[in-house]
Structures are given as C-alpha cells and as structure tokens.
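Mapping of the sequence shown onto the working numbering: residues 1 to 592, in sequence order. Note that CB positions come from ideal geometry on N, CA and C, so glycine has one too.
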Amino acid sequence: MNKRIFLSVLALAAWPVWAEDVADSVAPEGQTALGQVSLPELAQAQAAKDAGRPVEAEDWMVVAAHPEAVATGAKVLRAGGTAADAMVAVQAVLGLVEPQSSGLGGGAFLVWYDGASGEVTTLDGRETASLSATPRLLQDEAGEPLGFFEAVVGGLSVGVPGTPKLMEEAQARWGRQDWTGLFEDAIRLAEDGFTVSPRMAESVARDAARLKVHPDTAAYFLPDGAPVTAGTRLANPAYAKSLRVLAKEGSAPFYTGEIAEGIVEAVQGAIRPGALGSVDLALYEVKERPAVCVPYRGFDVCGMGPPSSGALAVGQALGILSPYDMTGLGPENPITWRLIGDATRLAFADRGRYVADSDFVPVPVEGMLERRYVTDRAELLKSMRALETVEPGEPEFDHALNWADDEDRAAPSTSHISIVDAYGNVLSMTTTIENGFGSRVMANGYLLNNELTDFSFRSHRGGVPVANRVEPGKRPRSSMAPTIVFWKGEPVLAVGSPGGSRIIPYVLTTIIAYIDWQMDVQAAVSLPHMVNRFGVYDLEEGRVSEAMKQELEALGYQTNMRALNSGLHAISLEGGLRGGADPRREGLAFGE
Ligand code: GLY
1 MNKRIFLSVL ALAAWPVWAE DVADSVAPEG QTALGQVSLP ELAQAQAAKD AGRPVEAEDW
61 MVVAAHPEAV ATGAKVLRAG GTAADAMVAV QAVLGLVEPQ SSGLGGGAFL VWYDGASGEV
121 TTLDGRETAS LSATPRLLQD EAGEPLGFFE AVVGGLSVGV PGTPKLMEEA QARWGRQDWT
181 GLFEDAIRLA EDGFTVSPRM AESVARDAAR LKVHPDTAAY FLPDGAPVTA GTRLANPAYA
241 KSLRVLAKEG SAPFYTGEIA EGIVEAVQGA IRPGALGSVD LALYEVKERP AVCVPYRGFD
301 VCGMGPPSSG ALAVGQALGI LSPYDMTGLG PENPITWRLI GDATRLAFAD RGRYVADSDF
361 VPVPVEGMLE RRYVTDRAEL LKSMRALETV EPGEPEFDHA LNWADDEDRA APSTSHISIV
421 DAYGNVLSMT TTIENGFGSR VMANGYLLNN ELTDFSFRSH RGGVPVANRV EPGKRPRSSM
481 APTIVFWKGE PVLAVGSPGG SRIIPYVLTT IIAYIDWQMD VQAAVSLPHM VNRFGVYDLE
541 EGRVSEAMKQ ELEALGYQTN MRALNSGLHA ISLEGGLRGG ADPRREGLAF GE
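As structure tokens, then:
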C-alpha cells in the first residue's frame, strides 16, 4: 500500500460546506429568527467538524443529522431533560428538516443504557406488514419480484409506522420533562417555516419524478412544479397540526383516530394501493427485545437484535476479526481490508439466510455468535487472497433451519441520533422511512415509509421458503445497527449510521477504528469507506486511493469506486464526552 497516496487523498477530501449556511441562519444571541431554533454556539460545533476535530463536553451531548435538530435536543438537555426527552424533540424536528430520511411515518430501533441501573434496554419500533399481506406482496402476477421502485412508490410498501409510539414509550420510561413541551420547537419551525438545507434540496431535485406521483407530496416538495431549493423557507402546517395532536394526546390518535384514518386513506388512495387498514394500526406495539452483546478485545458491543440484523452482523464480523491483529496491521494496509471485507461477507451470508423477525422465524442468535462457530468462520480468512466464494455457515440451533437465501435490496436513507445526558444515560437510535422519501405518499404532513421492501421480494427459492419473506403482521429485516460499546460495564461509545445494508460495515469499521486504531470519534467517522458485502469491494470515490484499489484488485476483488453516504454519529465517553458527526452529511455534535 502506498501510504503517502492514501494520506494525501484523506487530506484533500472535499466535503459539502454547511458552515456558512449555519452561521447565516443563526440569529444573534437573545433573538430567535423566524423559524430558527436559536443556538449560536452551534457555529463552534460546525467549526470543529470542518477542522476534523471532535466536539468536547463534560455533562451532555447530542449528535444528529441537522443543526436545527441538534439545537432543539441541546435545549432540552440544557434544561435538565434526559436523553429520551431530547430524542423526542430531535426526532420531531428531523421529521421536518430531513423529511427524506425519517419521521412520524417510519420506524426506529433504540438502544438505551440507564445511568442509574446500569441496564441496557433495546426497543423495537419497526413497522409491521398488514394482517392482509401475503408472501406474494412484492411479486407480479407471475410470481416474479416487482422492480424495486415499482414496489417502493405508492401504498403497497407502507408498513404500520412505529416511530410515534416508540417516542412515547421511551419518554414514558426514561423522560423527566413535560412531553408537550418537547414539541414546541418543531411546531414553531413547521408553522413559521424552516430553511431548506442543501442536502434536502439536492435530494428533492434528484427524486422529483417520483415525488410528482402523489399530489400532496408534489405540492409540498415541488411547489409550482419546481423542486424546493436550498435556502428557501418552507412551512408545513399539516405537520405542525399532527405534532400538536402528538403533543396534546400522545401517540394514540396515530393508531386509532383522526391521524390513523389519514394514513389509511393515503395508503389506500395511492398508486398501487396498499392494504394497510385501521385494524393494523390499532394492533401496533413497540416491543422490548433482548440486547445482542458481543465481546471484542475486552469491550462489550451491544445493539439491536432481530428483526434487525445489525448487531448480529456487526457482532459476527467482530468475532471473526478477533484472532487477527487489527492494531498491528493498521488502517492503511490492504490485508486489513481483506480481513474486514471477507469477515463482513461471511456475516452477510448468514444474515441472508437466517435473520428475520424472530417472532415469526426462529433465528439462531446464540449459535451465530457462539465462539467455536465464529472461530471456525475466522479460519476461512487464513488464505492470502479474497475468498472466492462465500456460503452461509451452519450455526448451532435446536430448530430446523431450512431457509433459502434472501437477496439485498435496501437502499440508503435513514438517520442516526446519539445522545448522552447529564444523568449518565446513553441513547443510540437509528430511525428511518427506508428509501429516500419513503413511499413518496404523504399523510398528515409527513411521508409514509416503504419499509416493506426490506422484506425479501422472493418468498421461495426452489420450493424452500426465505426466512425474511412477507407474512401478515411481520416486521421486515433491518440492517440498522444502533450500538453502545462498554468497557467493564461502563459505556464508552455510542454509534450508528444510515446507509441501507451498508450500515453494517459503516458501524463495524467505526468500532474497529475506535478500539483497534484508537482514533478519536471524529477521525473514526470520517475514515474513508471500503465496504464489501457480497464480493464487490465498494470504495469511496475521491477518498480511497488508486493505489489501494489496485492492491485490493491484486488480492482478487472486483472494485467499484462510488459515493458511500454514511451518516455516522458517535459519542465517546472516556475522559469526558467527545462527539463526531459524519462529514458526508449536515449533522453536528454539540454538548456542554
Ligand atoms: N430500511 C433500512 C433498514 O432498516 O435497514
């Protein structure tokens, strides 16, 4: 590997510049500009991010995908709110200012460390398929998979949104602030208007043809037929109205009542109408699941189990890498990336066969993470070249495991929130509407998800069922990997990312960068991406050197230079708080 070339690519990397926009849009201290959540100190957070430095704090910290969301979370934390309180405020604002990624029409997974009890809890706010859904939902009349966007755009792919209930459940368990007040900033921004960010404007412009399909969606994102542009002030009174209902009445009307009716009407009236009905919404539950924790070099890495494949795949890959000296090899060595890439491929092979909603399919969680099994898988990496073929293994389990392999179609969108509060609680939550702008169907001022396309489009292969096939009431498999890392029981790192199934390698390499290469969180989230899930090595365009590409090709990989839009948001808790926000997106870390 040519270290000099690699490092020069790192140094020259150009990021979207958002600093001026933040500075311009922040009101002078003491004043609140129309629609802005006033927090002038965010300019310092932006400066730290631009300089590649972590943001430092002592008591609390929030990292999220948009400065307005960070500002509202910071205000809640500054006023003595918990991480759960702050998450509610952050999510409410994100649903407005980053509508392409997450919102009240989507789902989320939340990992919580409780500072008082030392317990880790994971909450599943994943969407569910309608009770009328069948394994053929995503197929044409001949039983062939629909084209991806044929399935995405319209009512067919909309699952029951879990986010409103998850927000309420988390705040009821761990919040201290008055629920109603947590929505004030989001309501004001929605009523007065917020400033459209460059990233949102770019996303709208790129997706204009699909956003046009539904009149409400077109009217909001393409007023007068043209995409909203960066810097435009955009108000969303319908979203403000929904937030007022959520603030006053809680999440109940989102599942039975006025808001729920709006969802059913929109889904059933959309192109390719979905079958989602009132009963599906009324039956929705947030589920507490067992956390999946794996040991790695004395640390414990804890995250979200099924229906997410996130913690399992990250955990398997870490287990496979454990026997190898990742510290000694370092981040600039192609051998390092052969090991990481092939460990990830092995984990993805198991994920494709075994992981689905564990309420419907027995998932061999323990067997997949069992030391002997993972060590056997690690042995496969002993050759000096890329694995020629990768097959799922045979983890121990006490059920028959005769599943056909799933294929991967998840596309990148989604958003990650990391928060530490002054009480020692840590929250790591990944939140999504699946594809950028979800199903493109809007109801009640927000976009509805297309999460059902995270199911396998094929229900069977050669007569063998796919574990992640559509079934009534089932939750589609996810790749979201909200994670908290512990050292001797104390939390040391909260991290997660958007990015479809690339979330898994994004989070994996950030953990390795933090633990093995002892990078600070900002350096860890900024590391150039090299991602291998199914054989082809995706290399981050403009950031990974030609020399590295050639070295990986010499090891036997096909490579593909492309944009890799993670949105890693991390907080480290060792010797004070340090926050890192992914330079590929508009987010910030801020704390005090
Ligand atoms: N829809 C993205 C995921 O759940 O992985």
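Distances from the alpha-carbon of F437 to those of E56, A64, G95, A48 put G95 closest.
Using a 10 angstroms sphere on the CB of A554, the tally of other CB atoms stays under 16, which defines it as exposed.
With contacts defined by Cβ atoms closer than 8 Å, N435 and F455 do not form a contacting pair.
For K549, the secondary structure class from DSSP, reduced to helix, strand or coil, is helix. Contact between L577 and V420 holds: CB atoms are separated by about 6 Å, below the 8 Å threshold. About 5 Å separates the beta carbon of A64 from that of I417, a gap short enough to meet the 8 Å contact definition.
Under the DSSP assignment, A64 falls in the beta strand (DSSP E) whose first and last residues are 61-64. D114 carries a coil assignment under DSSP once its states are collapsed to helix, strand and coil.
Within the same chain, and ignoring the five residues on either side of G175 in sequence, the residues whose Cβ sits closer than 6 Å to its Cβ are T82, A84, D85. For P491, the enclosing beta strand (DSSP E) has its first and last residue at 490-495. The beta carbon of G393 sits closer than 7 Å to those of D350, Y373, R377, all from its chain and outside the five residues before and after it, given in chain order. Between the region 345-364 and the region 526-535, the count of C-beta pairs closer than 8 Å reaches three or more; the two stretches touch. Secondary structure within the region 198-285: the alpha helix (DSSP H) runs of 4 or more consecutive residues, fully enclosed, are 198-206, 208-211, 215-221, 237-249, 258-269, 278-282 (chain order). Shown here, G352 sits in a helix according to DSSP, grouped into three states. Under the 10 Å beta carbon count, M384 is surrounded by fewer than 16 other beta carbons and is classified as exposed.
Between the alpha carbons of S38 and L131 lies a distance of about 45 Å.
Here H529 is not bridged, per DSSP, to any residue. For M530, the Cβ stays outside the 7 Å cut-off from all heavy atoms of the ligand GLY. Nearest to A356 by alpha-carbon distance, out of E258, A133, R126, A45, is R126.
Within the same chain, and ignoring the five residues on either side of L573 in sequence, the residues whose Cβ sits closer than 8 Å to its Cβ are V420, V426, E490, P491, V492, L493, A494. Judged by their CB atoms, E541 and R562 are nearer to each other than the 8 Å cut-off. Under a 10 Å Cβ-count criterion, L283 is classified as exposed, with fewer than 16 other Cβ atoms of the shown protein chains found around its own Cβ. In terms of side-chain proximity, the C-beta atom of G462 is found no nearer than 7 Å to any non-hydrogen atom of the ligand GLY. About 7 Å separates the beta carbons of Y446 and P99, which is inside the 8 Å limit, making them a contact pair. Taking the Cα positions, P362 is about 27 Å away from L156.
The ligand GLY has no heavy atom closer than 7 Å to the beta-carbon of T431. At the C-beta level, L508 and T344 come within 8 Å of one another.
Inclusion of K49 and A524 in the CB contact set at 8 Å is not warranted, their separation being larger than that value.
Only residues of its own chain outside the window of five on either side were considered, and among them V292, V294, L312, G315, Q316, G319 have a CB closer than 8 Å to the CB of L369, listed in chain order. With a cutoff of 8 Å on beta-carbon distance, P498 and S415 are scored as near each other. The alpha carbon of D192 has as its nearest neighbour, out of M480, P482, R233, the alpha carbon of R233. One Cα belongs to G575, the other to E58, and the distance between them is close to 9 Å. With a cutoff of 7 Å, M561 does not count as near the ligand GLY, since its C-beta is closer than that to no heavy atom of the ligand. Here the alpha carbon of R477 sits roughly 21 Å from the alpha carbon of G463.
Separation of E366 and P395 (C-alpha to C-alpha, rounded to the nearest whole angstrom) is 8 Å.
Under DSSP, no beta-bridge partner is assigned to S456.
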